[in-house]
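Going left to right, the sequence shown walks through residues 9 to 168 as my numbering numbers them.
Note that beta-carbon positions come from the ideal geometry of N, C-alpha and C, so glycine has one too.
These notes concern the structure reproduced below.
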Amino acid sequence: MTLKAGDHLPDATFKVMTPDGPGEMTSKDLFGGKTVVLFGVPGAFTPTCHMNHLPGFVEHADTLKSKGVDTIAVVSVNDVFVMDAWQKSSNAGAITFLADTAAEFVEAAGLGLGPAPIFGHLRSQRFALVAKDGEITFLAIEDSPGDATKTGAAAILEAL
Numbered sequence: 009m010t011l012k013a014g015d016h017l018p019d020a021t022f023k024v025m026t027p028d029g030p031g032e033m034t035s036k037d038l039f040g041g042k043t044v045v046l047f048g049v050p051g052a053f054t055p056t057c058h059m060n061h062l063p064g065f066v067e068h069a070d071t072l073k074s075k076g077v078d079t080i081a082v083v084s085v086n087d088v089f090v091m092d093a094w095q096k097s098s099n100a101g102a103i104t105f106l107a108d109t110a111a112e113f114v115e116a117a118g119l120g121l122g123p124a125p126i127f128g129h130l131r132s133q134r135f136a137l138v139a140k141d142g143e144i145t146f147l148a149i150e151d152s153p154g155d156a157t158k159t160g161a162a163a164i165l166e167a168l
């Protein structure tokens, strides 16, 4: 079952890169007491994710934060090293990169995609949500993983 506005986000543990190397962040750490924009992508460095979806959030990070967003994060079913490389190569320091290595979060949220032949295993649907203290106030899911219109930064700014 896919989550919807009014639902609470599931408990999950993400892999993140810290100054000391790979670490963990729980969904409670991420969402607790904060307003968070989370967007999900099928894969780091894939064309739509890398050239369309992520750049909008990088460009509008300050505007999102000026509207009360505490954290902007992206999640993908990739390993922490790939997510770290993607963050660095995209100059996306204002965004938290979450590796959902085993698809724990996307499966629990009903936001899995696949398994798709091009990716080889379960990935994340392309989605974007706003959550306040872990409760979803806005959620959009693209009809096609190659689109990033309903889930881009501009759509989130309108939803805020």
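- [ ] Would you check if the distance between the CB atom of T34 and the CB atom of T21 is smaller than 8 Å?
- [x] For the purposes of this step, residue 34 is taken as the residue at position 26 of the sequence shown. For the purposes of this step, residue 21 is taken as the residue at position 13 of the sequence shown. Their beta carbons are under 8 Å apart, which means T34 touches T21 by this criterion.
Task: Cut-off 6 Å between Cβ atoms - residues of its own chain near H68, not counting five sequence neighbours on either side - done: The residue given as residue 68 occupies position 60 in the sequence shown. Taken in chain order, the residues that qualify are A161.
Task: Close-in-space but distant-in-sequence residues of the same chain around F146 (CB under 7 Å, 5 per side omitted) - done: Counted from its first residue, the sequence shown places residue 146 at position 138. So the list reads A13, L137, V138 and A167, once near-sequence residues are dropped.
Open item on the list: Distance check for N99 and V44, CA to CA, integer angstroms please.
Closed with: Working through the sequence shown from its first residue, we reach residue 44 at position 36. Working through the sequence shown from its first residue, we reach residue 99 at position 91. Each residue's alpha carbon lies about 20 Å from the other.
Open item on the list: Helix, strand or coil for S98? Go by DSSP, reduced to three states.
Closed with: The count along the sequence shown starts at 1 and reaches residue 98 at position 90. Of the three classes helix, strand and coil, the one that applies to S98 here is coil, per DSSP.
TODO: Starting from the Cα of L17, find the closest Cα among K23, D37, D28 and M25 and give me that residue.
DONE: Here residue 17 corresponds to residue number 9 of the sequence shown, with the count starting at 1. Nearest of K23, D37, D28 and M25 to L17, Cα basis: D37.
Open item on the list: Give me the residue from K75, R134, P63 and V77 with the minimum Cα distance to K96.
Closed with: Residue mapping note: residue 96 aligns to position 88 of the sequence shown, counting from 1. Measuring from the Cα of K96, the nearest candidate turns out to be P63.
TODO: Might you give, ordered along the chain, the residues of its own chain that have their beta carbon closer than 8 Å to the beta carbon of D87, omitting 5 neighbours on each side?
DONE: Within the sequence shown, the letter at position 79 stands for residue 87. The residues K23, A107 and T109, in chain order, have a CB closer than 8 Å to that of D87 in the same chain once the five nearest residues on each side in sequence are set aside.
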